[in-house]
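Below: one structure, written as C-alpha cells.
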Amino acid sequence: MKVLFVTEQTILGGGEINLANVIHEYLIRGIDVYISAPKDAKIFSLLPSNVTIIEEPKLLQRGWFSFFPLFWRQIKPYPEQFDYIHFYSSNVITKFLLFKGKKIWTIHGYWECRSFLKGLVSRLFVKNVTCVSLDVKNTVGFWKDKANVVELSVGSPLFDKLIRLKQSKPNDSCIKILCLGRFQKIKRQDLLISALSALPFNIECKMVGAVNNKHPEDKNYYQKCLLLAEKLMSTDSNWGKNIDISTHVLDPSTLFLWADICVIPSDYESFSMVTVESLLSSTPIVITDAGAPKFILGDGVAGEVFQQGDVVSLSNAILMLINRLHTITAEHFERYKTKYCIVRQVDEYIDFYINKT
Numbered sequence: 015m016k017v018l019f020v021t022e023q024t025i026l027g028g029g030e031i032n033l034a035n036v037i038h039e040y041l042i043r044g045i046d047v048y049i050s051a052p053k054d055a056k057i058f059s060l061l062p063s064n065v066t067i068i069e070e071p072k073l074l075q076r077g078w079f080s081f082f083p084l085f086w087r088q089i090k091p092y093p094e095q096f097d098y099i100h101f102y103s104s105n106v107i108t109k110f111l112l113f114k115g116k117k118i119w120t121i122h123g124y125w126e127c128r129s130f131l132k133g134l135v136s137r138l139f140v141k142n143v144t145c146v147s148l149d150v151k152n153t154v155g156f157w158k159d160k161a162n163v164v165e166l167s168v169g170s171p172l173f174d175k176l177i178r179l180k181q182s183k184p185n186d187s188c189i190k191i192l193c194l195g196r197f198q199k200i201k202r203q204d205l206l207i208s209a210l211s212a213l214p215f216n217i218e219c220k221m222v223g224a225v226n227n228k229h230p231e232d233k234n235y236y237q238k239c240l241l242l243a244e245k246l247m248s249t250d251s252n253w254g255k256n257i258d259i260s261t262h263v264l265d266p267s268t269l270f271l272w273a274d275i276c277v278i279p280s281d282y283e284s285f286s287m288v289t290v291e292s293l294l295s296s297t298p299i300v301i302t303d304a305g306a307p308k309f310i311l312g313d314g315v316a317g318e319v320f321q322q323g324d325v326v327s328l329s330n331a332i333l334m335l336i337n338r339l340h341t342i343t344a345e346h347f348e349r350y351k352t353k354y355c356i357v358r359q360v361d362e363y364i365d366f367y368i369n370k371t
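Counting in our numbering, the sequence shown runs from 15 upward without gaps.
Written out as C-alpha cells, the structure is:
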C-alpha cells in the first residue's frame, strides 16, 4: 500500500504531531508513506528517513475563493502512483485533481465546512471523509451524512513517556498548572491568567505554545498574554503566582509529567490533543463545556468542566479540582489508554481505506 499525506501547515500543533504518530505506525505496518507539505514544515523534523518528503510550495497558495475552487493552481502529478491520497486540510484538495488514487479528507473543525456551497462543491473532488470527533461531524453540514468519525490519538515513539504513570503527588504548598497550545485568541490563555488571580494558592503555571508570526493577530495576542502575566505577578502580594510563558518545547511529555493539573481554557476545541495527552499522562484536566473535550473526558472523575468564556466558572473549576487532587488515582485514567492509542486510530484509518472508499 502506498499512501500520500498532504498538509499545508508549517507550524507544529496537535494535529501535526498526531499525523507524525500516524506515519510512524504506518511504517511499522510496512506501508509506503509519502508526505507533501510546504518547505520548512516543522513536521519534517519528527519523521524518520524512510518517509519520502515532498516539499510543495504551491500548498501555501489559496485553494478557494469563497466556494469557487481555483482550478488553475493544480500541482503536477508526482512520478509515484499512490493507492490513497489523504488530505489534512480543505485548502489543498482542489490542487490534486490530476492525481490518481482514492482521496480521503480528514476534517479537523467546523471552519473547514462553514459554507454550504463550499461543502457541496468539495464533494465533487473528494468522496471519502473522516471527522476527528463527533462534535465536528455534527457541525459539517453537507458532509454529515457521509462522514465517519475517527478520533485522533497519541502514540509512540513521540509520547512513550505519557504512558508511564506519574509517581509524584501534588505539593500542597505550590500547585503546578500547565496550559499547552498555540497562542490564538480562541485558545483563551488570557482567561486562565485572569482566573489564576482569584485562586488562594501559590501557583506555578507554564504556558507553552507556538506563535504563528505570519498572523499579526496571533502575535498581538501573544504580547497581550505576556503583559497580563507580568501584571498578575507584580500585583498579587498575598499568594505567589509565577507564570512562565514559552513558545517552544522539544518534548511536551516532560510538561505533563511535571504538572499537577492541565487547563484547556479554549472557547472551542474541535478535538483537543492536549486533553488526550493529559489524560494519558495521568494529569487531571479542566476543560470548557464547548466542543469535543467534554466528550473525551466523559463521565470520568479525572477533570472538571467550566462554562465557556466565564472567568469565575474557570476559577471555581480549578479550585474544585485542586481540592480533590488527592482522591484521583491511576485507575481513573486507565479507560483512556486503550481508546486513545495510535494503534486504534490507524486500524480505523486502514479499515476506512479498504472497506469504505
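Note that the Cβ used here is the ideal one computed from N, Cα and C, for glycine as well. Values in this document were obtained by computation on a predicted structure and should not be read as measured data.
Alpha carbon of residue i to alpha carbon of residue j, nearest angstrom
i	j	result
E291	L73	29 Å
T21	A34	11 Å
V315	P307	14 Å
H229	T341	43 Å
D324	K16	48 Å
L242	S284	27 Å
I257	Y236	14 Å
L84	S50	19 Å
L112	Y124	27 Å
I259	D159	42 Å
V357	I37	11 Å
I299	E94	45 Å
K114	S136	17 Å
A55	V163	27 Å
L271	L294	10 Å
I42	S167	17 Å
G27	I200	14 Å
E39	P91	26 Å
Y367	F96	12 Å
A224	S248	25 Å
Q75	N234	24 Å
N369	K353	21 Å
L194	L269	9 Å
D46	I67	12 Å
I57	V146	19 Å
D149	L311	13 Å
D274	C188	10 Å
V277	R338	15 Å
Q88	K151	29 Å
D265	A212	31 Å
G305	T153	10 Å
The beta strand (DSSP E) enclosing residue i, as first and last residue numbers
i	result
M221	I217 to V222
K160	Unbroken run through K160: none, as it is neither H nor E.
T261	T261 -> no beta strand (DSSP E), and no H or E assigned at all.
T144	N142 to C145
Collapsed DSSP secondary structure at residue i in the structure displayed
i	result
W119	strand
A344	helix
E70	coil
D204	helix
S211	coil
A331	helix
A34	helix
E165	coil
K353	helix
I364	helix
V326	helix
N369	helix
L172	Note that L172 scores a pLDDT of 44, beneath 50, so its modelled location is shaky and nothing firm can be said.
V106	coil
S59	helix
I135	Correcting the residue identity first, residue 135 is Val in this sequence and not Ile. Reduced to three states, the DSSP call for V135 is helix.
R358	helix
Sheet register partners of residue i (DSSP bridge)
i	result
T302	F320
C276	L192 and I299
D46	K16
Y98	V17 and K116
N256	E218
A51	E69
E283	G305
First and last residue of the uninterrupted alpha helix (DSSP H) at residue i
i	result
S239	The sequence shown places Cys at residue 239, rather than the Ser named in the question. Unbroken alpha helix (DSSP H) run through C239: P230 to T249.
T24	Note, T24: premise wrong, no alpha helix (DSSP H); not H, not E.
K151	L148 to K151
K308	P307 to L311
T289	M287 to L294
Does the pairing of the region 319-337 with the region 140-154 give three or more beta-carbon distances under 8 Å? No, the region 319-337 does not touch the region 140-154.
Is there contact between the region 348-357 and the region 215-233, where contact requires at least three CB pairs shorter than 8 Å? Between the region 348-357 and the region 215-233, the count of C-beta pairs closer than 8 Å stays below three; the two stretches do not touch.
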